[in-house]
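Novice: Sharing a structure with you now.
Protein chains: 2
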Amino acid sequence: MHFVVDRRIFVENVQHVNKSISSRTTIPILAGMKIDVSSAGITLTGSDSDISIETFIPKEDDENEYIDIFQEGRIVLQARFFVDIVRKLPGDKIEIFVQEQFATTIRSGSAVFHLNGLDPEEYPVLPKLSEEQMFQLPQNILKNMIHQTVFAVSTQETRPVLTGVNFEAEDGVLTCTATDSHRLAMRKVPFETTSDDLIFSNIVVPGKSLNELNKILTDTDDPVDVVITDTQVLFKLKNLLFYSRLLDGNYPVTKTMIPEQSKTDLELPRKELLATLERAFLLSKEIKNHVVHLRVLENNEIEIMSVSSEIGKVKEKVTCEKVKGEEIRISFNGKNLIDALKVIDSDHVYIRFTGAMSPFTLQPTDTDQMLHLFSPVRTY
Amino acid sequence: MHFVVDRRIFVENVQHVNKSISSRTTIPILAGMKIDVSSAGITLTGSDSDISIETFIPKEDDENEYIDIFQEGRIVLQARFFVDIVRKLPGDKIEIFVQEQFATTIRSGSAVFHLNGLDPEEYPVLPKLSEEQMFQLPQNILKNMIHQTVFAVSTQETRPVLTGVNFEAEDGVLTCTATDSHRLAMRKVPFETTSDDLIFSNIVVPGKSLNELNKILTDTDDPVDVVITDTQVLFKLKNLLFYSRLLDGNYPVTKTMIPEQSKTDLELPRKELLATLERAFLLSKEIKNHVVHLRVLENNEIEIMSVSSEIGKVKEKVTCEKVKGEEIRISFNGKNLIDALKVIDSDHVYIRFTGAMSPFTLQPTDTDQMLHLFSPVRTY
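Just so you know, the sequences run in chain order A and B.
Be aware that the first sequence starts at 43, since it is given in the working numbering, and climbs by one per residue.
Be aware that the second sequence starts at 43, since it is given in the working numbering, and climbs by one per residue.
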């Protein structure tokens, strides 16, 4: 194996693939990154057995020539060193060649590194997925859907299936849902599919995988093909494949949890409500469940309050755009509301209560494709 | 106690004082910040018993009126909550008043906080230092001196006196020295003094204190008065007093460690040498003592090398401006050189060797008021 590659594009690809590599792996070869050079270009592969990433750097495209290939071949290099090394190399070009015993030389500018490589034959082969179930979304929309739901996954391993985001498709609409059983975040979006009447459910992608994927997705409308199988999901970008295992188990049916009617409706300015809850959180962070109390006052105002007998008390009023329905006093986890308000883009939000002991919803005013649901907290 | 204060100036002062407060204190009252309101203004005090900071916000200055004082008085508030609260308050003004039982109300915009205060009578009184031994420096010069030495203090508690920076004064020159016994950083500067012939030595200020002080010092030439006593040092800024205890013990005599002659002199470009050593550190960080090998080649070049039998090897050449004297091969802790090169401003540096087994020096080419000394590492 022997090639010279443009440093910028190589570093970018190495850093993408590195997101799938864990130094704490129990399988030694997976601490490495695989470099596979063919006449067409360079394929880089990484995997922690939950996530696998494969990128391809073409020899050239319409505008640029990226690689000089002198000899094809393959090697696996310890990612922990290799990634830092290529990032810090001084030149615009990087030369890499492999000699006997997997001895690998990396040269750039005045710097020469010799690394002990690993046997590429030991590296596991990534699965070939059947592409029967597939749909397409623009990157920015997928990125946003993940951002707006993944924060609500459970961090507890007691119900592993809740540590993922549930993907469902029906009638040309994709729904992503995350819940830790105290709060729920849901986002819908229409999608394009190549298969007629694509329907699937209970496709639960680990939150950790989606967080890594979101670091790679860009804010462009370049398409992502999403391939669904029973055990894996594959996100196909241009020159990048992102595989994730799916979580086992039955995701809870969440549709029936969402109340259809409400008794008290508020319309509120999002930023003011968020700032008020963040101030209340300065005290409520010390309290079990981060409890905050909300009550509707007269004159279209609500009061947010948090009390800790040890530290003190905070009280603040927020003026609503609209208040409709019954008076209410309710207590909830203020941090959960903060998390949801942060991923909403609109200037105003609706909060709809169905009673002091029933779940309530939070929604942006500018779209009905997003919904957040919260359980109240009993305080007596 | 009852006042209304401009939020911006109050937050700035609260954050300064907070640098001296530790939530892990064993003396409960020291987890609080003392607020003392007199007709002249507000004094804020914090202390972790190693460092104490006192700031004064005047009622007004030539340009602005900062405070409306309705009632004088004192209170101590839990810093952990108080600091975050004032930072996040919504209004331009903050009203604070104390009622019975130290119950304190903080009001700003729509937000009202009630905090359980602590008894200000319990708060320790800061010492009044004798100002017999005192000198003055511009803030930016003191800040720079600290920055260029404090990184070299020892982090080991085995010789506590080495965890501080030694201040010495003689003949109108202040010398700061830090060493962990493997490397030494020294910086000199002429200073102004009010006392004739100010001479002192073995004034060892904890590195931790100086790091906190440096977050407060600005890059202006506003003066700092430095007051020296046997057990404490006081840095007096406009409206801010920074006290630190001194370290016990005899600081080693370092002057005699610095070689007066050399056998091999190099002049090198600083940034290239730093980048080369940082690349070598990618491997040497895995090696005991972060060992790097340097040898002088022909053609005014040196070679930097680092080897780990497990991982591999890195080699790189750097072209010197000048090479004078004997050939040499020497091994040293590369990380120590990196640290020193980072605090040097000049474009070029001198390295002077006196033999493969003797300490060597690193100095900027543009001033002789700074010197770094390193022990070589035996590699056999």
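We treat Cβ as the ideally placed atom computed from N, Cα and C, and that holds for glycine.
Note that the structure is a prediction, hence the values are computed from the model and not measured.
Specify, as a first and last residue, the run of the beta strand (DSSP E) that Q113 (chain A) falls within.
Specialist: Element bounds for Q113 (chain A): I109 to Q113.
Novice: Helix, strand or coil for G376 (chain A), going by three-state DSSP, please let me know.
Specialist: Looking at G376 (chain A) - three-state DSSP - the assignment turns out to be helix.
Novice: Go through its chain and collect everything with a Cβ distance to A82 (chain B)'s Cβ below 7 Å, but skip five positions before and after it.
Specialist: Contacts found: P100 and K101.
Novice: In chain A, what lies closer than 7 Å to G354 (chain B) by C-beta?
Specialist: Those within 7 Å of G354 (chain B) in chain A are F155, H156, L157 and N158.
Novice: Using a Cβ cut-off of 7 Å, pull out every chain B residue sitting near L324 (chain A), in sequence order please.
Specialist: The contacting residues are F123, D126, I127 and K130.
Novice: If I follow the unbroken beta strand (DSSP E) through I343 (chain A), where does it start and stop?
Specialist: A small correction: the amino acid at residue 343 (chain A) is Glu; Ile does not occupy that position in the sequence shown. Start and end: E343 to S350.
Novice: Can you tell me where the alpha helix (DSSP H) holding R122 (chain A) begins and where it ends?
Specialist: A121 to K130 is the span of the alpha helix (DSSP H), which, as asked, contains R122 (chain A).
Novice: Which residues in chain A have a C-beta closer than 8 Å to the C-beta of A317 (chain B)? List them in chain order.
Specialist: Under the 8 Å cutoff, chain A gives K130 and P132.
Novice: Could you tell me whether any Cβ in chain A is nearer than 9 Å to the Cβ of S65 (chain B)?
Specialist: Cβ-Cβ to chain A under 9 Å: no for S65 (chain B).
Novice: Let me check understanding here. Comparing Cα to Cα, which of B:H156, B:I386 and B:I188 lies closest to T409 (chain B)?
Specialist: That would be B:I386, whose Cα lies nearest to the Cα of T409 (chain B).
Novice: Can you check DSSP and say which residues form a bridge with I353 (chain B)?
Specialist: Bridge partners of I353 (chain B): none, in fact.
Novice: Who are the Cβ neighbours of T219 (chain B) in its own chain at under 6 Å, not counting the five residues just before and after it?
Specialist: The answer, listed in chain order, is N208, M228 and T296.
Novice: Name, going along the chain, the residues of the region 355 to 373 of chain B whose beta-carbon falls closer than 9 Å to a beta-carbon of chain A.
Specialist: Listed by position along the chain: K355, V356, K357, E358, K359, V360 and T361.
Novice: Closer than 7 Å by C-beta to L204 (chain A): which residues in its own chain qualify, once you throw out the five before and the five after it? Chain order, please.
Specialist: V195, S196, T221, D222 and S223, listed in sequence order.
Novice: Throw me the rounded Cβ distance for the V231 (chain B) and M176 (chain B) pair, which I believe falls under 8 Å.
Specialist: Contact flag wrong, Cβ pair sits at about 16 Å.
Novice: So for K297 (chain B), helix, strand or coil by DSSP?
Specialist: In the structure shown, K297 (chain B) sits in a helix (DSSP, three-state: H, G or I).
Novice: Tell me which residue opens and which closes the beta strand (DSSP E) that R394 (chain A) is part of.
Specialist: Where R394 (chain A) is concerned, the enclosing beta strand (DSSP E) stretches over H390 to F395.
Novice: In terms of residues, what are the limits of the alpha helix (DSSP H) holding M399 (chain A)?
Specialist: It is not in any alpha helix (DSSP H) - M399 (chain A) carries neither H nor E in the DSSP assignment.
Novice: Do three or more CB pairs link the region 145 to 154 of chain A to the region 55 to 69 of chain A at distances below 8 Å?
Specialist: With the cut-off at 8 Å, the region 145 to 154 of chain A and the region 55 to 69 of chain A do not touch.
Novice: Short of 9 Å Cβ to Cβ, which residues in the region 91 to 121 of chain B face chain A?
Specialist: Result list: Q120.
Novice: Would you kindly check if the distance between the Cβ of V140 (chain B) and the Cβ of I117 (chain B) is under 9 Å?
Specialist: It is a contact, given that the beta carbons lie within the stated cut-off.
Novice: Could you spell out where the beta strand (DSSP E) holding F242 (chain A) opens and where it closes?
Specialist: Unbroken beta strand (DSSP E) run through F242 (chain A): F242 to P248.
Novice: Find the residues of chain B that neighbour R321 (chain A), judging by a C-beta separation of less than 7 Å, and give them in chain order.
Specialist: In chain order: K130 and A153.
Novice: Thinking C-alpha only, which one of A:F374, A:K384 and A:D389 is nearest G397 (chain A)?
Specialist: The shortest C-alpha separation from G397 (chain A) is found at A:F374.
Novice: Can L282 (chain B) and S94 (chain B) be called in contact, C-beta distance under 9 Å?
Specialist: Not closer than 9 Å, so no.
Novice: So, with DSSP's three-state summary, where would you put T421 (chain A)?
Specialist: Note: T421 (chain A) maps to coil in three-state DSSP.
Novice: Can you grab the Cα-Cα spacing for the pair L240 (chain B) / G214 (chain B), in whole Å?
Specialist: The straight-line gap from Cα to Cα measures roughly 7 Å.
Novice: Reducing DSSP to helix, strand and coil, say where A82 (chain B) ends up.
Specialist: Note: A82 (chain B) maps to coil in three-state DSSP.
Novice: What first and last residue would you give for the alpha helix (DSSP H) that runs through I188 (chain B)?
Specialist: Counting along the chain, the alpha helix (DSSP H) containing I188 (chain B) begins and ends at Q181 to H189.
Novice: Do you know whose CA, among B:H335, B:R49, B:D78 and B:S251, lies nearest F193 (chain B)'s CA?
Specialist: Taking only the C-alpha atoms, the option nearest F193 (chain B) is B:S251.
Novice: Helix, strand or coil: how does DSSP classify L168 (chain A) here?
Specialist: Here L168 (chain A) sits in coil by DSSP.
Novice: For the beta strand (DSSP E) that contains E210 (chain B), what are its first and last residues?
Specialist: That run of the beta strand (DSSP E) goes G206 to E212.
Novice: Exposed or buried, M412 (chain B), counting other C-beta atoms within 10 Å across all chains shown (16 or more means buried)?
Specialist: Answer is buried; the Cβ neighbour count reaches 16.
Novice: From what residue to what residue does the alpha helix (DSSP H) around Q274 (chain B) run?
Specialist: Segment Q274 to L279 is the beta strand (DSSP E) holding Q274 (chain B); no alpha helix (DSSP H) there.
Novice: Checking 9 Å against the spacing of the C-beta atoms, do V391 (chain A) and L315 (chain A) come in under that value?
Specialist: Contact flag set, yes.
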